[in-house]
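J.: Residue numbers (the numbering used here), protein chains in the order written: chain A, 526 to 1159; chain B, 526 to 1159.
1) Classify residue 795 of chain A: buried if its beta carbon has 16 or more other beta carbons within 10 angstroms, exposed otherwise.
2) Are the CB atoms of residue 751 of chain A and residue 1077 of chain A nearer to each other than 8 Å?
3) Would you call residue 555 of chain A buried or exposed, if buried means 16 or more other Cβ atoms sit within 10 Å of its Cβ?
4) What three-state label does DSSP hand residue 915 of chain A in the structure shown?
5) For residue 1035 of chain A, which residues in chain B fall below 9 Å Cβ to Cβ?
6) Going by beta carbon distance, what residues of the same chain come within less than 6 Å of residue 945 of chain A, once the five residues before and after it are set aside?
7) Flag residue 761 of chain B as yes if its beta-carbon sits less than 8 Å from any beta-carbon of chain A, otherwise no.
8) Which chain A residues are close to residue 1082 of chain B, counting only those with a beta carbon under 7 Å from its beta carbon?
9) Any idea what DSSP makes of residue 1116 of chain A, helix, strand or coil?
10) Can you give me the start and stop residues for the alpha helix (DSSP H) that residue 613 of chain B sits inside?
11) What does residue 790 of chain B reach in chain A if we use C-beta pairs closer than 7 Å?
12) Quick check on the burial criterion: 16 or more other C-beta atoms within 10 angstroms. Buried or exposed for residue 1141 of chain A?
13) Rounded C-beta distance between residue 746 of chain A and residue 1097 of chain A? I'm assuming under 8 Å.
14) Which of the residues in the segment 598 to 623 of chain B, read from start to end, lie with their CB under 9 Å from any CB of chain A?
15) Compute the distance between the beta-carbons of residue 734 of chain B and residue 603 of chain B, then report whether it is under 8 Å.
16) Mapping DSSP to helix, strand and coil, what is residue 1002 of chain B?
17) List in chain order: all unbroken beta strand (DSSP E) runs of 3+ residues lying wholly within the segment 970 to 1043 of chain B.
18) Mind checking if residue 1042 of chain A is an interface residue toward chain B, Cβ cutoff 8 Å exclusive?
19) So if I threshold CB-CB distances at 8 Å, which residues from the segment 860 to 885 of chain B count as touching chain A?
20) Does the beta-carbon of residue 900 of chain A have 16 or more other beta-carbons within 10 angstroms, so that it is buried, or is it exposed?
21) Is it right to say residue 846 of chain A is buried, meaning 16 or more other beta carbons lie within 10 angstroms of its own, or is it exposed?
22) Using a Cβ cut-off of 8 Å (strictly closer), state whether residue 1124 of chain B contacts chain A.
23) Classify residue 902 of chain B as buried or exposed, calling it buried when 16 or more other Cβ atoms lie within 10 Å of its own Cβ.
24) Quick one: give me the first and last residue of the alpha helix (DSSP H) that residue 1059 of chain B is part of.
25) Which first and last residues belong to the alpha helix (DSSP H) in which residue 672 of chain B is found?
26) Name the residue from B:822, B:625, B:611 whose alpha carbon lies nearest to the alpha carbon of residue 770 of chain B.
27) Quick one: what does DSSP say residue 798 of chain A is sitting in, helix, strand or coil?
28) According to a CB-to-CB cut-off of less than 8 Å, which residues of the segment 910 to 922 of chain A neighbour chain B?
29) Check the Cβ-Cβ distances between residue 1046 of chain A and every residue of chain B, and say whether any is below 8 Å.
30) Out of A:1111, A:576, A:895, A:1044, point me to the one whose CA is closest to residue 961 of chain A's CA.
31) Is it buried or exposed for residue 558 of chain A, if we count other Cβ within 10 angstroms and need 16 for buried?
32) What residue range does the alpha helix (DSSP H) around residue 644 of chain A cover?
33) Which residues in chain B sit within 9 Å of residue 556 of chain A, going by Cβ to Cβ distance?
34) Compare the C-beta of residue 1030 of chain A with all C-beta atoms of chain B and state if any pair is closer than 8 Å.
35) Against residue 809 of chain A, what residues of chain B qualify as contacts under a CB-to-CB distance less than 7 Å, listed in chain order?
36) Could you tell me whether any Cβ in chain B is nearer than 8 Å to the Cβ of residue 578 of chain A?
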């Protein structure tokens, strides 16, 4: 029945003007005081759909993360067809663009056009729009021309990459012109993402709409490292699901996928020079990332502006995949593998740690690093280093014998020296794998990053510390004061796996409760440091590289991960890009709209509110000062 | 590289015997003491894949819910091809089967064959299996013959429907024979589901496997009502997503989809006789369930053994869709719609309640009921009745004027009488809509179900009470003692939306924390009643119709609902079907395998544990008596 009504209205309308294809909805949305207000529609006046209204209502349109530079948003929108969008020019300053850079920009443009086309046709993971009735006449539509100008030809993302851009949209009767200026492809790519967010499919008009006038100048991220960690060892994630994650990250201008590839549970990556690792360590022969897979992921990362940062976690968190040493005459490469009762030897089953007393491990590690460096071409490298259980090593005779001989005992201090020796030897192999060049190493917080040992083993010029401990961890101010670069992944806010059941016993898991998007939004490393009495200096502020949300996978795999990651990480994305000085409330509208945008693009993001709240901005609040009517309930 | 190895092995193997297509995996699983133990494979001996091992290891194979009758499971499996599965006979006792029943059985068979084919080809929502290399020679494969014998020709699910069945699988050199006996199609359908669960795709052998000998006699559910509630008002769910939910329910032998269609937030169903309701009340013209949609859902429910139970929640929880009364000369049909500050007039924004003082509402309600009864052909009907806020009615002059006149005041007692009058009048219209026949009405717990009012307004012969309040609610023993039929949806276990963020303010939502699957598994209504000192009698036990998990949709829509529903409701399914006397531990293995099965079938179920636990049953435990090694962490 609806279909028929739409048809009649549209046929009627198209006999008039092409843009008058009206909805049969009862409601229209009018912008009042930066909010779109739901209002009864007047007959004869075209209704304005809520999301179209939001495009020009509010200082930051529906952009998420909100731009950090100066922002001017027009007051009306223009209907357009995705087929009319063209990449008109790509310039690299006065020089001609290298083909690689041109290819990257064209790729970003193609992605924009695909996004717009899918939005127009209502194509998402859920299938096509039910009523796809397009009453926009192609001939009458304006051309959308995109011009890109790059300041440099850099095409590798590093911590120093300039990701800034400026974006203008202007229009006349025949053309909408989009101008993107950036110093690198990566900045331009972010601007393409902004362009896509300045458009909406308008259900009421059955048309795409773009803001008519836009100027965003000097938009750039507050932090250079904006990450998500994915653990593919506890549960395997298919290549497709990793590609989807990267795509979704690009919608949020997140730039680093920290790939926790291996752990004690499985070793799912192909190491051709030591095939025993993946043969013994993968869950099944089908659950191994081939080099072709990794190249696909790397390429997808590059075109989406996302660094793929590999971690080989060591010397703890090594188990499955390391059992074959004795059978190949290599001795015990790892110890305590699957040792019971696990609670004595590790944090969760199965146990397992490398055996640094066996010199044969360094050759094997060197081969792993070489494979990783050949595949990932890292600018920074993650060397793990968390949760070493002394009791494992201390109950292994060959290790205690070695330690007594080389380190003179088995107290904590000796174990630290033992570990320090491992770090030294393994770092040498890492540098070799990197063509004998130094590379910044990321390490998780641990006793090694404790004030007691920090300066003995680590060097702020060489080591970056990823803080996974709680925000009140006393190590944090010391790291800052000692000039270490820091990535914040404080578990009490940034662990996405918290708040679900305990997978080993009854009750909920160790880091419960669930962390709401507002917590991620408000998680400000500067505040964390100040709260710990650190006097902020420019140097310390600069040493905060950024933050990373961690998707540990004991209780999640590709089937349910998207709803746990999104849209919570979108909130973190705004913190990292825009570093807002205000609270979460001004972000609610954009968060909800952005979440719907991601869902329409096929990301299985969780819902934040009833759709009613999106259509009635400002009504979904809670005011503790108002008496509840609850005691009147019958 | 793996592909090549597999190829070589398989080509080699297929030159010998067809069933010797070997995996290149390092591991095999051997059944020891009802657990599949991961063991290093011996060269020359075909490896056994963990899920194949589980088919014959353990008293209940990988069946979930576990059968309730007598169960015998064979000790080995037979490879087979889905194309060789045939429906050989369908009998209805001595009579010939009506075409409708035959069609239903054939449909259930086709679904089985589709499930097997998809499993064989590795087809799920995630796409086809990466390495699909099938080395099973068709000519050598046994035929799988399915015979179905039904005791009756019933084809409508009611509370009295016999859902029991018996299932045997036997085999000889040429044929695997599956015999299904049931009193109704619904019982037979459950047996088909069991058959599918007695098969696995074995990655190691690249083949489907079925248990060679099975006898399950007298398998039947402990409770006749096994439900999920879906709220499509707070957020809209597409028809496709509802069909997927029904399909997933059928994998768990859940039999009732309680559809909370409307609420204050939106009115998303087409009421042709009162089109204002969906025109004003739907979120967008695209977010309306047409009658074609509902018929599709009803049909899908029937063939999957799932009752579609509609709820029109009244007289509270009515808002959007009811605003047009004054403009059509009907007066205020609802009051307090979107009234502010909402906290005074309802439990969440937007507010809204019907206006029982306006006699015109009964005509409108009658038209809604008529539409519902025509579409849903219900055997039981849900009349809502929760969370009436007196303060809303009490601040509405036309209502207080009416009450003073008709009921003599505006105290709680008078409001109860006012509501009682509404219930009486609306029930009359419901009975009219049902062709002037009585129908059991389900009502949520409220003050009306309180001991103070229960017997004044409600009748155990006519009303079923759905308990949404906490398990310690003092109403519960009184309902039981007064002979009311009960459906348990105690929020402190069965609300699936708990444990996420508060959608109105900071912190987590009202019914936090998250309810783990083990809580649902252990939620036993008999224990709840005993704990409240109810002396259990056969009559009371019989009045426990079952339980229902509720997916309220303030913070979820189709994009993330599957991970919140599954596999938690699978645990509830076993409680409702098998009513186990043991705790959750004996169910862990089957739950984990079942969750993987659902994921492979395209259900985006959440993960319970690392895949490692599935491959190493028994190792993922927690024993509080064991000293942790944590203090040894460095």
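Every residue gets a Cβ at the ideal spot worked out from N, C-alpha and C, and that includes glycine. Bear in mind that the values here come from a model prediction, so they are computed numbers and not experimental data.
T.: Straight from the coordinates:
1) By the neighbour-count rule (16 or more Cβ atoms within 10 Å), residue 795 of chain A is buried.
2) Going by beta carbons, residue 751 of chain A and residue 1077 of chain A fall outside the 8 Å limit.
3) So residue 555 of chain A ends up on the exposed side.
4) The three-state secondary structure of residue 915 of chain A, taken from DSSP, is helix.
5) Going along chain B, no residue has its Cβ under 9 Å from residue 1035 of chain A, so there is no contact; the nearest lies around 11 Å.
6) Answer for residue 945 of chain A: 982, listed in chain order.
7) The beta-carbon of residue 761 of chain B is placed less than 8 Å from the nearest beta-carbon of chain A.
8) Residues of chain A passing the Cβ test: 1132.
9) Reduced to three states, the DSSP call for residue 1116 of chain A is helix.
10) Counting along the chain, residue 613 of chain B falls outside any alpha helix (DSSP H), though it belongs to the beta strand (DSSP E) covering 610 to 617.
11) Per Cβ cutoff of 7 Å: 1135, 1137.
12) Flag for residue 1141 of chain A reads buried.
13) 12 Å between Cβ atoms; not a contact.
14) Residues are counted here when their Cβ sits less than 9 Å from a Cβ of chain A; for the segment 598 to 623 of chain B the count is zero.
15) At the C-beta level, residue 734 of chain B and residue 603 of chain B come within 8 Å of one another.
16) The three-state secondary structure of residue 1002 of chain B, taken from DSSP, is helix.
17) Those beta strand (DSSP E) runs which fall completely within the segment 970 to 1043 of chain B and span 3+ residues are 988 to 992, 1010 to 1013.
18) True, the Cβ-Cβ gap to chain B drops below 8 Å.
19) Going along the segment 860 to 885 of chain B in chain order, one finds 863, 865, 866, 867, 868, 869, 870, 871, 872, 874, 875 with a Cβ nearer than 8 Å to chain A.
20) So residue 900 of chain A ends up on the buried side.
21) Label assigned to residue 846 of chain A: buried.
22) Taking 8 Å as the threshold, the shortest C-beta distance from residue 1124 of chain B to chain A falls below it.
23) It is exposed - the Cβ of residue 902 of chain B has fewer than 16 other Cβ atoms within 10 Å.
24) Neither: residue 1059 of chain B is in no alpha helix (DSSP H) and is coded neither H nor E.
25) Premise fails: residue 672 of chain B lies in the beta strand (DSSP E), 668 to 675, not in any alpha helix (DSSP H).
26) When only C-alpha atoms are compared, the closest one is B:822.
27) In this structure, residue 798 of chain A counts as coil in the three-state DSSP scheme.
28) Cβ contacts with chain B come from 912, 913, 914, 915, 916, 917, 919.
29) No, its Cβ sits nowhere closer than 8 Å to a Cβ of chain B.
30) The closest CA to that of residue 961 of chain A, considering only A:1111, A:576, A:895, A:1044, is found on A:895.
31) So residue 558 of chain A ends up on the exposed side.
32) For residue 644 of chain A, the uninterrupted alpha helix (DSSP H) run begins and ends at 624 to 646, by DSSP.
33) Think of a sphere of 9 Å around the beta carbon of residue 556 of chain A: no beta carbon from chain B falls inside it, the nearest being about 19 Å out.
34) Answer yes: the Cβ-Cβ gap between residue 1030 of chain A and chain B drops below 8 Å somewhere.
35) Simply 550, 728.
36) No, no contact with chain B.
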